[in-house]
Amino acid sequence: MKPSRTLQISLSLLTVFIFACSLASVREGENKIQKDFESTFRSAKHSQDASFLVQSDRLNLRIKRSLGISEDGKKVSSKDGDPPFHIASIGKLFTTVLIYQMVESKRISLDEPIANSLGNDLLKDLFVYEGIDYSAKVTVKHLLSHTSGIEDYFESKDQNKKAVLFEITENPNKFWTPIDLLNFTRINQKAVAPPGKKFHYSDTGYILLGLLLEKKYKQPFESILKERILTPLAMDHTYMHLRSLPKNKSNLPLSKMMLGEADVTNFKSISCDWAGGGIVSTTEDLLLFQKALVGGKLISKETLASLPGNYLFMDGILYGNGMMTVDFSKMSIFIPSTPLLYGHSGVLGTLMFYSPEYDAHIIVNLGSTEDVGDSFELLFWIMDSLKEIHEIQKKETNSNTIR
0 MKPSRTLQIS LSLLTVFIFA CSLASVREGE NKIQKDFEST FRSAKHSQDA SFLVQSDRLN
60 LRIKRSLGIS EDGKKVSSKD GDPPFHIASI GKLFTTVLIY QMVESKRISL DEPIANSLGN
120 DLLKDLFVYE GIDYSAKVTV KHLLSHTSGI EDYFESKDQN KKAVLFEITE NPNKFWTPID
180 LLNFTRINQK AVAPPGKKFH YSDTGYILLG LLLEKKYKQP FESILKERIL TPLAMDHTYM
240 HLRSLPKNKS NLPLSKMMLG EADVTNFKSI SCDWAGGGIV STTEDLLLFQ KALVGGKLIS
300 KETLASLPGN YLFMDGILYG NGMMTVDFSK MSIFIPSTPL LYGHSGVLGT LMFYSPEYDA
360 HIIVNLGSTE DVGDSFELLF WIMDSLKEIH EIQKKETNSN TIR
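Numbers 0 to 402, taken from numbering that gives the first Met the number 0, label the letters of the sequence shown in order.
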């Protein structure tokens, strides 16, 4: 799953000039971040569960909290522990890492045609544009960067207005296999461009990457994920939704997933998210993943540096090879500049981003397709507070040096 291309991140801060209130202390900054999280949950349209984690070793900062619906219906009930949640398209970074691990081990190259491994039958009718079949020219990098020209089974609509997004609630008991998802695009949709000519976000492309991994490793995707990422990082509460189990089952229920007003948490049809984002995790486990990623423990730092790119996902968000870059100053002239963020978001109001400037890891779950904009607004206010906390600490350091 992913943020809708039709989504306009309607941050309140886009339409009004921001008069930032200076923080008096680091503690005040920490309190403000927590209050912003609670305020976001209170005002969210359909979010039923929310959790977040902000950690920066450089700023000596760690804030973690979870919220849910209280018995009286008010969204102010604090929750203990670290509830598991569906991470949605944050999962694309996991698939990206697995692909680049193969690249680094020389199992495959970014410029290699996927037809070499997947064969012509699997790719039939997926890359036909204006009567020409381009499947032989599609490379691994095209899929990673969403420039293969393939349509998107999850949300894009063909002339018959068919998309799996609508099938989730219409057929809640349907279990989707990766081949089912490819067939949906094959039968109902058409390619949008020749390879390399257009950025078009596509979950279908990431299904092909998952199948490519299975072909190379001769294992199910969930086994590859466990063997190469989850077990080495001790991500013991993370697993593929409806396809595997965590090493340690949480004593907390799965956070609710809201598709519009519909609670789809227990729908089998959520199986439509696979290598593009079908993972359940926790804030602590995602912190383990992101710290390992930026620390060069999953792929080399040189490889990691090649993931950001310049394809316009939406104003202020650029896309590269499986990674997003967020620049809030490009969303509106009224938004103050904050350091760049690198990571990924998901359609359920899920965020996992890293700020190199502050060595800050920010992980958020709102669990609602209608609250993606709110998640990005929260992300801005967190960064704004981190900016002030950083300035306060610099002043304190300078003051101590002078003494």
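Glycine included, every Cβ here is placed at the ideal spot set by N, Cα and C.
Contact annotation: residue 174 and residue 162 have beta-carbon atoms that are not nearer than 8 Å. Taking 8 Å as the cut-off, the beta carbon of residue 52 is found no closer than this to the beta carbon of residue 167. Nearest C-alpha to residue 198 among 353, 391 and 145: 145. Counting only the Cα atoms, residue 344 lies some 15 Å from residue 256. The beta carbon of residue 348 sits closer than 6 Å to the beta carbons of 365, 367, 370, 371 and 374 from its chain, once the five residues preceding and following it are set aside; these are given in chain order. Contact holds between the segment 194-212 and the segment 268-285, because three or more Cβ pairs, one in each stretch, are under 8 Å apart.
Here DSSP, grouped into helix, strand and coil, assigns residue 141 to helix.
Sequence-distant Cβ neighbours of residue 284 in its own chain, meaning closer than 6 Å and more than five residues away, are 234, 236 and 237. Note on residue 26: under 16 other CB atoms within 10 angstroms of its CB, so exposed under the neighbour-count rule.
Scanning its chain for C-beta atoms nearer than 7 Å, with the 5 sequence neighbours on each side dropped, one finds around residue 351 the residues 89, 285, 289, 342, 343 and 362, in chain order. A straight-line Cα-Cα distance of about 20 Å links residue 71 and residue 36. If you compare the alpha carbons of 106, 325 and 336 with that of residue 215, the shortest gap goes to 106. For the 8 Å CB-CB criterion, residue 143 and residue 320 form a contact. With fewer than 16 other beta carbons inside 10 angstroms of its own, residue 355 counts as exposed. When DSSP reads this structure, residue 313 sits in a beta bridge with 316. A Cβ-Cβ separation of about 38 Å leaves residue 112 out of contact with residue 281 under the 8 Å criterion.
Only buried fits residue 58, as 16 or more other CB atoms lie within 10 angstroms of its CB. When secondary structure is reduced to three states using DSSP, residue 204 falls in the helix class. Of the candidates 326, 378, 389 and 295, 326 places its Cα closest to the Cα of residue 308.
The continuous alpha helix (DSSP H) containing residue 40 extends over residues 25-42.
Cβ contact annotation for residue 242 (same chain, cutoff 6 Å, sequence separation greater than five): 221, in chain order. Within 10 angstroms of the beta-carbon of residue 304 lie fewer than 16 other beta-carbons, which makes it exposed.
In this structure, DSSP gives residue 333 a state outside helix and strand, which the three-state scheme calls coil.
According to the DSSP assignment, residue 364 belongs to the beta strand (DSSP E) that extends over 359-364. For residue 329, same chain residues with a beta-carbon under 8 Å away, outside a window of 5 residues either side, are 314 and 315 in chain order. Here residue 183 carries a helix assignment [DSSP, helix/strand/coil].
Contact check for residue 180 and residue 203: beta-carbon distance about 7 Å, within the 8 Å limit, so the pair qualifies. By the Cβ neighbour-count rule, residue 317 is buried, with 16 or more other Cβ atoms within 10 Å of its own. The beta carbon of residue 110 sits closer than 6 Å to those of 138, all from its chain and outside the five residues before and after it, given in chain order. Per DSSP, residue 304 lies in no beta strand (DSSP E) segment; the continuous alpha helix (DSSP H) that holds it begins and ends at 300-304. The Cβ neighbour count for residue 245, taken over all protein chains shown within 10 Å, is at least 16; the residue is labelled buried. Taking the C-beta atoms as reference points, residue 228 is found no nearer than 8 Å to residue 102. 225 is the residue among 323, 225 and 264 whose C-alpha sits nearest the C-alpha of residue 247.
In the three-state scheme derived from DSSP, where H, G and I count as helix and E and B as strand, residue 196 is classed as coil. Residue 349 carries a strand assignment under DSSP once its states are collapsed to helix, strand and coil.
Burial state of residue 118 is exposed, judged by a 10 Å Cβ sphere holding fewer than 16 other Cβ atoms.
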